[in-house]
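Presented below is the structure to which this report refers.
Chains as they are written, first to last, in my numbering: chain X, 86 to 555; chain H, 86 to 555; chain Y, 86 to 555; chain P, 86 to 555.
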C-alpha cells in the first residue's frame, strides 16, 4: 500500500518516512505520496479541490509523533553547534509585544550560549532555510518540490511560552505549518479585499486594529497541520505553559498564470514582430492627436479604429505565443531554484557518487567507468533535468550540482548536440524503467556510450546495478 | 491657397519656404503643408495610399531650385568652418570601391583643409544631423516631426564625381532623399523576403551578389525627390561628370504597432494582475510534466486545457490594456526625441524669448511679465506639450528646452497640480485660437495668472500681442 | 615699451588690450605682460615677493575704464539672450540676508525675463565660467593660464544695491577680484589658524560670529583690483546706491608641492621597488608584536631599528624619485584643464583654421597643404603642447582641440614616433622664432614634411606666411 | 623539552604533532616551535640567517613518517568524496609535456571517478587551499601564520609517476615543499637578474632554454623538506617508478618594506599637508618651463633648486610618517587574511564554543554566562586580535569569525569604547597568563564584566576553568 494511504489509515508518521526512503520507486510517485502524507488524512484530491489557494485547513492528528525525525529542538541546537549559523543570514531573533515588532540580531556567528540567552529572555528564533543544516529537511523539501513543480522552502520557528514573535501579516506563498513540538495558538483571517486574494507580494506588519474576526482559531499540537493560502493574515502565539517549535513549508511564490505571461508576452510579441508584418507597420501619423488619456472621453471614429486595431493585435498574439518555450524557461528557473537530490545508500551505489574509483596502494584503482551497450540506466529522478532550446544551442539544465544554499551555484547545464535530444526525451519517457544504453536513439554505439557516460559522471544517470562489483 | 497646393501647381520651392515661414497659422496645418510640399506634386493622400510603407516614389520636378535655401555645399563648408564638427561624432569620411566599404575618420576636429583633402581623394562625406549646424534644417525638421508624430532626423551626403560612398543596404526608417545639388544615380530594390518587409533593424552592408534587379533606377537631379520605405535596399553613385549633395530625411524608426505593444503589454498584464484574480491563481502543480517543447507533439487533454487557459488570459488582456496611457508614454518619449521649436521674429516678440527685460543704465528694466486676466495666449505650437499621469503626479512634458543635439538634455517636464489639468487641455483644444487668461478653467484668477506666467516663462505659451510695447 | 609697463605708467587699461592683441610676440612674454597689467602698477616681482600666497593686495587705480572691454552687464545680458545659460549649471541665483545664505535656482534655461526678475528682487547672480559665453574672457584666461602654469578660471558676480549674495568663507584658490562696474564693499580676514593658511579645501559658509577683525576693508570701484590668497576669509556687499559687477579670476587650485608629491611618491616607490632589493625584502617576522599604536610608548631596540629602517627607506626614495616625469604628468593634467587658444585674425591666416581650402564652383579648391622644406613654422603658442613618455609610447598632449567648457573633451594627444621627440623639443626651444621645416632634426625630408603637416593640421604649428596666397 | 628541539634530536614528526597539540602554552611559543619543527634539524636562527629570502635549503630527514598525519592521498580522496571540490575553484588538472603546459579542468564538481581518470592518464592534480578540506592542514597553517606575521597558505600536488605537471617558473612567495608521499625530482635555479631577486610578482611559465644550471638538484623523499625563496625558479618531476604527493606551504606574499611604504607614504603626505604649510605652498609659476623629462639635461639653477626642494620635502616626510598606524593597517589586513583558530577539546571547554548552554527537556538550560570579578580569563591566542584607531572610532579586529575559505567573510571587528583600550592592551600584555576580570583596568565592575562577556561570546576570551561545571 502507498505510504500516504498507510499514513491516512493508521495516523502515524510512518508514511512520510516511507515516502522519503522509497528510493527505488518513481520520483514523481514518491513526491505525490509525500504530499499525500503532508495533508493526510485529507485526500490530496479533496485538499486541492477545497483548500489549495482557497481556504485554510486544520488537521488535528492527535499523534504527537507524526512528524518525528523531521526536525526538532535537538536539530536546532545541532545547527547552532555546527558554528555556521550567522545572525541575520540564517537566524533571526525577534519579539512582538504590545503591538511592537522588533528584531534583535547581533552581528556574527550565532553560538548556543548567546542564542539561548535571547530565547530565555522571551525572544522568538526563526531559523531560515533549515535545509542548509538538516539533511532530513533537505531531503523532505527536495522530494516535495518535484510535486509542486515550484520551489519548496522552509523556515522553523521556536517560540518561548507565553510570547509571540511576529506581528500579524500575510505572505506571498502557500503555507503549511507543521507543529513539531509543544503547542501554538493560531488565528487566521480571510483576505480583506479582492486585491488581497492570492496577492503577488507579502503585506507589511499589520496592527490588531486592522484585523477583523479570525476565520479559524485553534491550538496546534505536535503532529498537527495548519495550511493557509497566500493572502490569509495569520498570527501565532504560545500558551503560557508550553513552548512551540514548528516548521513552515512554503511554495508557489511567483508561480501564477500571470508569472507565466510575464515571460510569455514579450516572447510572443517578438515572434509576432518577426512573422507578421502587421505588427511592424507604422502607427497612424496623427494618432497622438486623438489618443492619450486627455482624449479618452472623446468620440472619434479614429479612436475606435485605433483601439480595435490594438485589441485585434493583442488577440492575434495567441497565434504567436510560444507557450511551450515559455514553460521551458520557467522550468529552467525552477531547476535553478531546486534543492539538489539527496541520495539513499543504494542510489549512491548505483551512481557516480558511489563509484568505487579510489586511491589505494599508491595509485588509483577501479577508475574506469565501464558503461557498455548492455548497461541499464535511468535518470536518478524524473525532475532533475530539463531540455531547453536556446539561441546558443540545446541546453540540458540539471539540479545535481545545485547547492543546498539558494542560488549559491549558477544554473548548471550541459550543451547537448541537437541530435541527442531524442535520447534525453527517451530517458525521460522511459523513466522510471531502466533502459539499456544500446536502445538510446542515437546513431553510433560510441555516441550512446559517450552520452550515457557524460550523464553518469554528472550524477544524472544511475545504473541498475553498481557499475563495479567491489 | 495653401503653400503645398501652390507648390504642386507651379512647381517651385516657394511652397516649402512659405510653409516654414507661416508662423501665425496652426502648427499642425503648417506641418501638413510642409509635408505636402515635400511630396508635391503628388497629393499627400495619394502618397500615403500608394507609397508610404509600400513602394518607392520618384518625383522628377525639373526645378533645380525647388529646395533652394534648405542646405548647400556652402552650408556644409560653414559647418566645418564653425569648428565644432568632429570626425566620427558629426562627420564620416567613407568610400566604397570594388566591393569594399571603408571609413577613414581621423580623430579630432574636422577642419576644411583636411576634409576637402579627403573629398578630393574620392571620399564621400556624411554630415550627421545637420540640424545641429544649420538653422534651416533644424526649422524644417522641427515642423515635419509634428506631422509625422515621430522623430524626424536627417543626414547629408556629399559625394565626389564618379564614386560611391556606401555599400548597398536597407535601413530601419522611412527615407526621403532630397537632391540638393548635382546628380546621383540611384538603384532601389524590393525587400527580398517577407521578413525584410518593414524591418525592425537595418541590414548590414550587402554585396552586389546578394541583390536582384532594381525595382527603380534613376538619376536624381537637384530639386528631385526619391522616397523609399524601410527594408528597400538602395545604393547611389555619382556620374563621372557631377558631384552630388543630398539630404536624407528620415522618420518612423521604431514607430510601429509592435513598438506600442511593447509598452502596452507589460502595463496591461500589471493591471490584469492587480484587478483580476484569475491572473494571480497558481499554475497547475503538474504542468511542467506535460507542457514544454519536448511535449509539444503529445496529445493530452491537460495540454489543451492549459493552452486554452493561456490563450483566454491573453485575449482578456484586452480588457485591461491601458491603451491611452501607453500612447502617452510614447508621446513622452517622442517629446524627448523632438527638436526644440524654431521661432520666427514675430513669434519671438510674442514669447518670453523676445520679452524685453534687459539691463539698461545700471539696472534691469521692463522686467515684469504682466500677464493679466485679459492677456490673450495660446500654445507656441500644438505639438510641444503632453500631459502624462504618472505615479509621482501629473507631468507636463514639453520640448522648448530640448537641445538641437539628440537627447543632450534630459526630458523636460513640469509637475502640474492635478486641478490644472483642465487648463492644459483647454489650451490644447483652443489652439490655434488665442484665449484670454480669464477663461482658463481654474478656480481663482491668481491661479490662472500664475499658471499662464509659468508656461510663458518656459516658452510654452505666447501672447497675442507682445507683452510690453517697446 | 611693454604693455604692462605702459599700463603702470599711464594707468589705463590699454596695456591689457595690447597684451591680448600682441599675437606676434612670444606667448610666454605676452602672458607675463598680461599678468603685469593685472597687478599694475604694482611690479610683478614685488607682488610675488610681498603678496602672492602671503597677503591681500588692494589696488585702487582711479581709472573706471581700466578693464573696459573685458566683461560688462551687456555681456552678461548677451549670454542670457544666447539661450544656452542654464540655472545651476551656468548661473546661480543667491541671497544672503540676516545670516541666511540661500540658492534660488529654478530648473531649465535662464531667460532674461526670469533672471532680471530675481535680480530686481534682491538676488545676486553668479555666472559660472563666463569664458564659455564671452570670447574676451576666454582669450584673457587662455593667456593668463600660460603664466600661472595652472588652470585659470573665473566667475562673474552681479549684485543688486544694498545686498550681499554670499556668506563669508574662504576658498582653495588664489583670487583676483576685478571690479568691472559699480562698487562693492569688501572685508578680508586673515586665516584663523595655521591649518587654514593656504588650505587644500574651501571652507563651509561661516557666521559673522566666527570672524575676527578684517585685515583689509575697502570699497572697490570700477577699475580696482583686490587680491587675496586662498585661506583668507572674505565677504563683499553692495552699498545702497550702487550695484556691483566683478569678475573673480582664480588659479592655483591643487597646485602645491604636496600635490606634486601625491603623483611623485607612488612613482618613486614603484621605481625603488623595481631597482632596489632593499625595498623588496620581507618585513621582520615578529614586527606586528612590537610595532603598532599600542606599542608606541614601548622602549624596544627592535622598534628603534624598525623605525630607522623605514626612515632610511623614505629618505632613499629621493634617489628613485622621477621628478621630471611627475612634472610631466602634472603638465599633462594642466593641458587637459587648459582653455584652447584664441587666435587673432593674423594667427588664423597662418594656421590651418585660416587655410583657404573651400568649396567653390562645385568642388573644393586650394586644398593642398603645401608645406615644403622651406616653409617657416613655429608653435602657435609655447604652452600648448607637452611631450610625455608613457608606457604606451611617447605622447604629445596639446590644447588646441580642448573645449571652452571644462573637461568637455577628453585629453587630446598624438602618439609620436620616438625619433620625432627631438623635432618637438627643437620646435619648443626655437620658439618664438620660426624655423624652416628643413632644419627639423629628423632623418628624411619626407618625415620632416609629414610631421610638420600633421602638427599644422591639428592647429599646433603656424607658418610665417599664410600657406596659400589668396 | 621543546617539541622542535625534540624533533631536531630524534628526527621524528612527533615534534610537529606536539606543537599543534600544546594548547595550553603561549600561542606565539607554539607557533615558534611548529616553525622550528618545520625546518628541523636546522636551527631556526640558522635558517633565518642563511636561507630565509636568501638561498634554498634541502633537508633530508630519512624519516618517511616525519609529516605523518598532516595530509595524505587518503585525505585527498576524502576531500573529493566530500563532494564540495569543484574543478577550477579548488582543483586543477594539469600537464606539462614536451614543453607544453596545459590545464584540463572540466566544469562542475570534481568526483573521484573523473579525477582519478585524469590522474591515470598522466595528469597532475593541484588541490588549492587544502585547509578548506583538511582540519589538520587548517590547524597547521593557523598556527604558522602567527609566527610568520603574514598569511600562510598551501597547495597540494599529486603527480603520476614519470610525469611533470608544471612548467619551470618562479613565485612571489617563500615556499616550503613538504614531501608527504613518494618521491619527486626537483631542480632549483637562482634568480637570473637583480630584478628577479625577491620579486613582487610571479613569473610566467618559462622554457627550458631560458634556464641556466640548477643551483640545487635532488630527489625529495617522504619526510624531506625543500625551501626556496621567491624568485628562485623551480621545477619538479616524478621518477618513472613513484608518484609524488607534496604540500607547498607559502607565506610572505606582498609582505615587504615596500608594501608597508605603500600604505605609509600617502598617510605621511596627508599628515604633512595638514601640519606643515611648506607642503601646501604653491609650485613656482614657471616650473613647467624648466622641469620635465625634456629639460632633464638642462643646466639651470632653478632646476637644482626645484629638485632640492622636492628632495627636502620627501626627507621631511619622515617627521610625519605614522609608522605605527601603518603597521596597524597591515595588521588589520593580516587579520582578515588569517585562518580562524582551531580549538583543542580543552580549549573548547574553556570557551564559548564549549559553553554548555543547550536545549533540554523543553527549554534551554545552563544559559547564563556567569563571568564574575573572580573569573580568570585570557585571550584564546595572542595573535587573534588587533586594536586600530580609525576615523570612525577604535576598532578591535579579530579572527575568530573568519572563514576557512580566504576572504569569504568580511573583516570582523567590534567598535570599542576608547576607555576600554587599556583593557585590551592589558589582556594582550598579560597573555599567556590568565588575569581575573577584576583586574581589568576599567572603571566599574559592571564594565569589566560586560567587556569580558562580550569578548567571551565572540570566542576571543577563554576562561581558566570551564564556566559551568557540567
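C-beta: ideal position from N, C-alpha, C; glycine also.
- If you compare the alpha carbons of H:513, H:501 and H:376 with that of residue 546 of chain H, the shortest gap goes to H:513.
- Take residue 260 of chain Y, set aside five residues on each side of it, and the residues of its chain with a beta-carbon closer than 6 Å to its own are 313, 333 and 335, in chain order.
- Annotation for residue 129 of chain X: no beta strand (DSSP E) segment contains it, though the alpha helix (DSSP H) segment containing it runs 129-135.
- Taking the Cα of residue 256 of chain Y as reference, the smallest distance to any Cα among Y:287, Y:291 and Y:484 is reached at Y:287.
- Contact annotation for residue 233 of chain X against chain H: 370 [CB-CB distance below 7 Å, chain order].
- In this structure residue 459 of chain P is in contact with residue 523 of chain P, their Cβ atoms being roughly 7 Å apart against a cut-off of 8 Å.
- Counted as a single uninterrupted DSSP element, the stretch harbouring residue 318 of chain X is not any alpha helix (DSSP H) but the beta strand (DSSP E) occupying residues 318-322.
- For residue 457 of chain Y, the three-state secondary structure derived from DSSP is coil.
- At a C-beta separation below 9 Å, residue 497 of chain Y has these neighbours in chain H: 192 and 193.
- Chain X places no beta carbon closer than 7 Å to that of residue 159 of chain H, leaving this residue out of the contacts.
- Chain-ordered, the chain H residues with CB closer than 8 Å to the CB of residue 162 of chain Y read 443 and 444.
- Of all residues in the region 515-549 of chain Y, only 542, 543 and 544 place a beta-carbon less than 8 Å from a beta-carbon of chain H.
- Rounded to whole angstroms, the separation of the alpha carbons of residue 391 of chain Y and residue 360 of chain Y is 22 Å.
- In the three-state DSSP reduction, residue 220 of chain H falls in the helix class (H, G or I).
- By the criterion of a C-beta distance shorter than 7 Å, residue 158 of chain P is surrounded in its chain by 243, 266 and 330, once the five residues flanking it on both sides are discounted.
- Think of a sphere of 9 Å around the beta carbon of residue 129 of chain X: no beta carbon from chain P falls inside it, the nearest being about 34 Å out.
- Among the residues of chain X, none has a CB under 9 Å from the CB of residue 452 of chain H; the nearest is roughly 34 Å distant.
- Put simply, of X:516, X:395 and X:527 the residue whose alpha carbon is nearest the alpha carbon of residue 501 of chain X is X:527.
- For the options X:505, X:487 and X:480, the alpha carbon positioned closest to that of residue 499 of chain X is the one of X:480.
- For residue 442 of chain H, no beta strand (DSSP E) run applies, since DSSP gives it neither H nor E.
- Counting along the chain, residue 408 of chain Y sits inside the alpha helix (DSSP H) bounded by residues 408-422.
- With its beta carbon at least 7 Å from every one in chain P, residue 422 of chain Y lies outside the interface.
- Only 282, 283, 284 and 285 from the region 282-311 of chain H bring a Cβ to less than 9 Å from some Cβ of chain X.
- Shown here for residue 478 of chain X: same chain residues with a beta carbon closer than 7 Å to its own, the five before and five after excluded, namely 500 in chain order.
- Here residue 332 of chain H is bridged, per DSSP, to H:241 and H:263.
- In chain order, 168 and 196 make up the part of chain H whose C-beta sits under 8 Å from the C-beta of residue 438 of chain Y.
- In this structure, the beta-carbon distance from residue 241 of chain X to residue 156 of chain X falls below 7 Å.
- Out of Y:507, Y:552 and Y:553, the CA that lies nearest to the CA of residue 380 of chain P is found in Y:507.
- For the pair of segments examined, the region 270-280 of chain H was found not to touch the region 215-232 of chain H: the number of CB pairs separated by less than 8 Å stays below three.
- Taking all protein chains in view, the Cβ of residue 495 of chain P is surrounded by fewer than 16 other Cβ atoms within 10 Å, so the residue is classified as exposed.
- Non-local beta-carbon contacts of residue 271 of chain H in its own chain, meaning distances under 8 Å to residues more than five positions away in sequence, involve 262, 301, 302, 303, 304, 305, 311, 319, 320 and 321 in chain order.
- Per DSSP, reduced to three states, the secondary structure at residue 478 of chain H is strand.
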